[in-house]
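Under the working numbering, residues 179 to 298 are what the sequence shown spells out, in order. Before any comments, here is the structure.
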Amino acid sequence: MTGPRTVTVHTLDHGPITIPEPAWCLGHPDEPADYRADVHHTGPEYLVDHDARAVLAAELVEFPYGETPVPPSVYVAISVPSVTLDPPGLEGLAEVLVERATELRRLALRLAVLRAGGDW
179 MTGPRTVTVH TLDHGPITIP EPAWCLGHPD EPADYRADVH HTGPEYLVDH DARAVLAAEL
239 VEFPYGETPV PPSVYVAISV PSVTLDPPGL EGLAEVLVER ATELRRLALR LAVLRAGGDW
């Protein structure tokens, strides 16, 4: 049986640090992080919508060394371009937002499982 995977990350303020890396992490850049507090794990991005009505992206993150450490969480970025909509356009935007809300609920359930010790 093998133990958790570890990775060495280079920082400018603490030099190289070796940290456990969760299975969902996509890796770390080769260039040093400015501060150890900036070292974080990032998972795959979900929910990216590049239509003219809305853009919503979500990704699994963890900041184990932050001033206030952040356990596994989902980072969400929402952008709705400024636009004037007619009734069908407004309905279309509402439809996109409802679909994305459903996906966010699914991610919330997966995150709860992960925080309880399960797999992503």
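Glycine residues also receive a C-beta, built at the ideal position from the N, C-alpha and C atoms. Computed from a prediction, not measured in an experiment: that's the story for all the values here.
As assigned by DSSP and simplified to three states, the class of residue i
i, result
"Gly221", "strand"
"Glu240", "strand"
"Ala294", "coil"
Candidates the options, of which the one nearest residue i by Cα
i, options, result
"Pro222", "Gly193, Ala201 and Pro242", "Ala201"
"Leu204", "Ala215, Ile195 and Thr184", "Thr184"
"Arg283", "Gly295, Glu269, Ala236 and Thr262", "Ala236"
"Leu271", "Glu281, Thr280 and Val258", "Val258"
"Glu273", "Pro182, Val233, Phe241 and Thr246", "Val233"
Residue burial classification, residue i (beta-carbon count within 10 angstroms, cutoff 16)
i, result
"Val187", "buried"
"Val276", "exposed"
Proximity test, Cβ basis, 8 Å: residue i and chain D
i, result
"Leu234", "In the displayed structure, chain D is absent; only one protein chain is listed."
For the 8 Å Cβ check, are there 3 or more pairs between the region 247-255 and the region 206-214? no
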